[in-house]
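In the UniProt record's numbering, the protein residues as written are 1 to 208.
Quick notes on the structure that follows.
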């Protein structure tokens, strides 16, 4: 489990295609301090398993399903990524519950001079996104400032813009999105108490 508090900006140093999958090598002096084979590290919000650590670099395998469903598709050497180690049991819980399981990709739209940043997102996720609720964008825990059926906005402080990839996004860039897992569990538990039509109306075509 993660909390969406990015520890450092890492860099993709090598990409090895492997059929539909790939192996990535990434540089991250902070996350490699105590990383070992089998540990989990979130890379732009995607939970990946460490294969090996050499110096300040670590390697991970990205399966075809992950390549297809996340913004890691088409990643190239030199790309900067947000890195976070899995939360220690005695760690400080500073963000929100983040699994590193991407629910879909969104698109960076714009950012104004006050840091209000807008993203387009799949309408099928809209029922999980609420004003003042939590959402994860490329592994960063954020609070929703505004939301509509196909867009949401977050207010980014200068520290977040400087310390994560979100300050470097250009219009059209794809981002990984993870909605609040608590909302999905609530929906699942409540579904058995709702009329079938009500449950069906909450689903988009992509959910079927």
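Each residue gets a CB set at the ideal place from its N, CA and C atoms; glycine is no exception.
These numbers were taken from a predicted model, which means no experiment stands behind them.
By the three-class DSSP mapping on this structure, what secondary structure does residue i have?
i	result
residue 126	helix
residue 69	helix
residue 165	helix
residue 17	strand
residue 159	helix
residue 98	strand
Near residue i, which residues of its chain fall below 7 Å by C-beta distance, leaving aside the five closest residues on each side in sequence?
i	result
residue 116	145, 153 and 155
residue 147	129, 130 and 131
residue 7	30, 31, 83, 84 and 85
residue 93	3
residue 69	102
I'd like the list of long-range same chain contacts for residue i, defined as Cβ closer than 8 Å, with 5 residues on each side in sequence excluded.
i	result
residue 57	13, 25, 26, 27, 28 and 32
residue 151	109, 118, 119, 120 and 121
Please find out if some non-hydrogen atom of the ligand MN comes closer than 8 Å to the beta-carbon of residue i.
i	result
residue 8	As for the ligand MN, it is missing from this structure, which has no ligand bound.
Residue i CB to nearest chain D CB: under 9 Å?
i	result
residue 119	The structure shown contains no chain D; it is built from a single protein chain.
Considering only their Cβ atoms, is the gap separating residue j from residue i smaller than 9 Å?
i	j	result
residue 102	residue 178	yes
residue 124	residue 169	no
residue 45	residue 140	yes
residue 15	residue 37	no
residue 61	residue 48	yes
Give me, in chain order, the residues of the same chain whose beta-carbon lies closer than 6 Å to that of residue i; leave out the 5 immediate sequence neighbours on both sides.
i	result
residue 142	135 and 154
residue 42	2, 84, 100 and 139
residue 64	20 and 21
Output the distance between the C-alpha atoms of residue i and residue j, rounded to the nearest integer angstrom.
i	j	result
residue 17	residue 40	21 Å
| query | Between the stretch 129-142 and the stretch 97-112, are three or more C-beta pairs nearer than 8 Å? | reply | In the pairwise beta carbon analysis, the stretch 129-142 is classified as touching the stretch 97-112: at least three pairs are separated by under 8 Å.
| said: Taking contact to mean 3 or more Cβ pairs, one atom from each stretch, closer than 8 Å, check whether the stretch 185-198 and the stretch 105-112 are in contact. | reply: The stretch 105-112 and the stretch 185-198 do not touch, with fewer than three beta-carbon pairs separated by less than 8 Å.
| query | Looking at C-beta atoms only, is the number of pairs between the stretch 77-96 and the stretch 165-172 that lie closer than 8 Å three or more? | reply | Output reads yes: the stretch 165-172 touches the stretch 77-96.
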